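Enquirer: The sequence shown: position 24 = 338 (my numbering), numbered continuously.
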Amino acid sequence: MKVLMFGWEFPPMITGGLGTACQGLSAELSHLIEKITFILPQRVGPGKHPETPHLELVDASELLHREHLNPIKPSMPSNISTELVDSKIQNSLEFISVSSILTPYLSEKEYQQQLKIIQEQTLATGTSKSTASRDSSSQNSVQTFMSGGYGAHLFSEVSRFSQLATQAVLLDQYDIIHAHDWMTFPAGVAAKRMSRRPLVLHVHSLEFDRCGDNINQAVYDIERYGLENADRIIAVSHRTKEMIVSRYGISPHLIHVIHNGVTPVEKKVFGHKPFNGPLVSFMGRITMQKGPEYFLNAAYLVSQKIPNVQFVMAGHGDLRNRMVLRMAELQLVDRFHFPGFLNESHRAELLSMTDVFVLSSVSEPFGLTPMEALQFGVPVIVSKQSGVSEVLQHAIKVDFWDARKMADAIIKILSEPSLALNLGQGGMRELNTFTWQRPAHQIHQLYKEIL
């Protein structure tokens with residue numbers, strides 16, 4: 315069995331949990347099927363992952379050009395044309411990256427800034443290929459793309475990615491097309507029509523999760539277009555499945571709920587906290603979807619009861635400045651920290667110092683960060699409006715809008731060591747059943763049923 319897979323991010327180039335999920339799933343699936351060809355818009359540096367011997371990332375800029383292929387006109391209009399560079403890897407997991415600055419949270423201003431950088435590099439080097447990701451600063455550049463908004467030209471990038479990525483169906487005979495989230499849906503549909511092979515759409519997040527009822531109509535239209543043309547749909551939670559049915563009018567019989575897993579982390583010994591007192595952490599995009607204001611309100615209530623408590627809000631997003639101002643209004647300047655986006659190592663360092671982790675999301679299809687926290691034995695509080703609340707038993711669950719109950723839960727955990735130990739240790743034991751092997755086997759079975 316050969317699978318052609320489309321995604322828009324993959325570690326180390328990530329802006330959120332989707333890249334982590336794609337890595338975990340594809341690595342495990344590569345042990346079950348003959349070959350996975352994974353098409354990415356970002357350039358990725360070469361190198362193998364020691365924990366996944368069948369996985370190799372290939373930078374397309376370092377490969378020889380394949381014979382030029384005529385672009386396949388996707389369903390979305392595009393005036394941009396370029397060429398596809400591909401790689402051949404002698405194992406079951408192959409990666410192809412196409413030149414694009416496509417990211418999901420890129421504002422119009424940031425898009426234009428990034429485009430200007432690429433144009434300047436083009437003039438300087440005489441080539442149309444961005445070298446932004448070849449140097450050590452590339453990972454940091456991705457971190458600035460987390461404003462929470464969509465730029466007007468983002469849809470041109472989606473179309474461009476579709477135009478490039480569908481060329482991959484000409485490179486091999488694939489049995490299944492598998493596309494992750496809305497930005498790759500047009501590519502998935504175009505590839506399906508070219509190859510006449512079944513299309514699986516993997517929904518990690520929906521426009522209603524990201525924006526509530528104030529949706530971007532163009533994004534919704536792309537999502538619905540993809541969902542209506544899919545042969546099967548994978549939802550990361552029952553919550554997401556219900557939203558697909560109610561908001562997009564899709565038959566529930568086409569939708570399969572497959573919860574995410576978690577990648578084991580190496581628990582290193584980190585330094586002690588640089589302050590006395592407990593630490594309560596929030597980690598994610600600082601946008602409406604993640605409910606940072608509710609965490610901040612709960613933090614204020616906790617600070618009135620526990621004088622030496624400290625808080626961290628890690629991440630970037632369009633609400634970050636507003637949260638900083640709100641923090642100052644609440645007079646929490648000496649208790650609150652905004653470290654920005656954290657890479658894998660820094661996330662692990664933060665979680666190793668954390669006493670309570672809070673997921674305050676307004677609408678969270680799944681939510682991997684509480685599972686990451688539980689790997690360090692950190693007790694977690696999750697919103698009832700999250701998919702991860704469907705599977706975690708050793709967690710305190712509250713409504714995202716109830717800052718009082720959220721604060722009470724934080725205070726209770728910090729005040730009762732036995733409760734904290736029970737939640738943390740019990741959650742660690744739960745994670746033994748939440749490896750990526752489980753969803754990978756479920757997806758593999760779904761593939762076989764489709765074929």
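We put the CB at the ideal spot given by N, CA and C, even for glycine. All of these numbers come straight from a predicted model, not from anything done at the bench.
What residue does the alpha helix (DSSP H) around glycine 654 start on, and which one ends it?
Expert: Indexing the sequence shown from 1 puts residue 654 at position 340. The continuous stretches of alpha helix (DSSP H) do not include glycine 654, which lies in the beta strand (DSSP E) extending over residues 650-654.
Enquirer: Here's a check: name, in chain order, each residue in its chain whose Cβ is nearer than 6 Å to the Cβ of proline 710, leaving out the five neighbours to either side.
Expert: As a position in the sequence shown, residue 710 is number 396, starting the count at 1. Residue identity differs from the one stated: residue 710 is isoleucine in this sequence, not proline. Excluding residues within five positions, the ones whose Cβ falls inside 6 Å are Ile695 and Ala723.
Enquirer: Looking at the unbroken beta strand (DSSP E) that takes in phenylalanine 352, where does it start and where does it end?
Expert: Your numbering for residue 352 matches position 38 in the sequence shown. Element bounds for phenylalanine 352: 349-354.
Enquirer: Go ahead and pull the three-state DSSP assignment for isoleucine 558.
Expert: Residue mapping note: residue 558 aligns to position 244 of the sequence shown, counting from 1. Isoleucine 558 falls in the helix class under three-state DSSP.
Enquirer: Could you have a look at methionine 313 and say whether DSSP puts it in helix, strand or coil?
Expert: A question about residue 313 goes unanswered here, because the residues of the chain that appear run from 315 up to 765.
Enquirer: Does the stretch 749-759 come within contact of the stretch 332-344, defined as at least 3 CB pairs closer than 8 Å?
Expert: At 8 Å Cβ cutoff, the stretches touch.
Enquirer: Excluding sequence positions up to five away, which residues of its chain have a Cβ less than 7 Å from the Cβ of proline 325?
Expert: The count along the sequence shown starts at 1 and reaches residue 325 at position 11. Taken in chain order, the residues that qualify are Gly333, Thr334 and Gln337.
Enquirer: Taking C-alpha atoms, which residue in Val503, Arg649 and Lys698 lies nearest to glycine 605?
Expert: One-based indexing of the sequence shown puts residue 605 at position 291. Taking only the C-alpha atoms, the option nearest glycine 605 is Lys698.
Enquirer: Which residues mark the beginning and the end of the alpha helix (DSSP H) in which lysine 719 is found?
Expert: Counted from its first residue, the sequence shown places residue 719 at position 405. Looking at the DSSP string, the run of the alpha helix (DSSP H) that includes lysine 719 is 717-729.
Enquirer: Can you tell which of Leu593, Asn543, Glu686 and Asp713 has its C-alpha closest to the C-alpha of alanine 493?
Expert: For this step, residue 493 is matched to residue 179 along the sequence shown. The option with the nearest alpha carbon to alanine 493 is Asn543.
Enquirer: Determine the closest residue to alanine 504 out of Ile725, His518, Asp486 and Phe475, with distance taken between C-alpha atoms.
Expert: By 1-based counting over the sequence shown, the position of residue 504 is 190. Taking only the C-alpha atoms, the option nearest alanine 504 is Phe475.
Enquirer: By a C-beta neighbour count over all protein chains shown, 10 Å radius and 16 as the cutoff for buried, is leucine 765 buried or exposed?
Expert: To locate residue 765, count along the sequence shown from 1; it is residue 451. Classification of leucine 765: exposed, given that the 10 Å Cβ count is below 16.
Enquirer: Just reading off the alpha helix (DSSP H) that alanine 642 is part of, what are its end residues?
Expert: The residue you call residue 642 lines up with position 328 of the sequence shown. Here the alpha helix (DSSP H) through alanine 642 covers 634-643.
Enquirer: In terms of residues, what are the limits of the beta strand (DSSP E) holding methionine 627?
Expert: Here residue 627 refers to the residue found at position 313 when the sequence shown is read from its first residue. Residues 624-628.
Enquirer: Tell me whether alanine 734 sits in a helix, a strand or coil according to DSSP, three-state version.
Expert: Position 420 of the sequence shown, counted from the start, is the residue given in the question as residue 734. The answer is helix: DSSP assigns alanine 734 an H, G or I state.
Enquirer: To the nearest angstrom, how far is the alpha carbon of threonine 668 from that of glutamate 686?
Expert: Within the sequence shown, the letter at position 354 stands for residue 668. Within the sequence shown, the letter at position 372 stands for residue 686. Cα-Cα distance, rounded: 12 Å.
Enquirer: Quick check: valine 626 and alanine 721, are their CB atoms within less than 8 Å of each other?
Expert: Indexing the sequence shown from 1 puts residue 626 at position 312. Indexing the sequence shown from 1 puts residue 721 at position 407. Cβ atoms of valine 626 and alanine 721: not closer than 8 Å.
Enquirer: Tell me whether the stretch 672-691 and the stretch 627-646 touch, counting them as touching only if at least three CB pairs, one residue from each stretch, are closer than 8 Å.
Expert: no
Enquirer: Can you tell me which of Gly331, Ile347, Gln756 and Ala734 puts its alpha carbon nearest to the alpha carbon of proline 592?
Expert: Your numbering for residue 592 matches position 278 in the sequence shown. Ranking the options by Cα distance to proline 592, first place goes to Ala734.
Enquirer: If you draw a straight line from the alpha carbon of serine 473 to that of glutamine 603, how long is it in whole angstroms?
Expert: As a first step, residue 473 is located in the sequence shown; it is residue number 159 there, counting from the start. As a first step, residue 603 is located in the sequence shown; it is residue number 289 there, counting from the start. Approximately 26 Å, taken between the alpha carbons.
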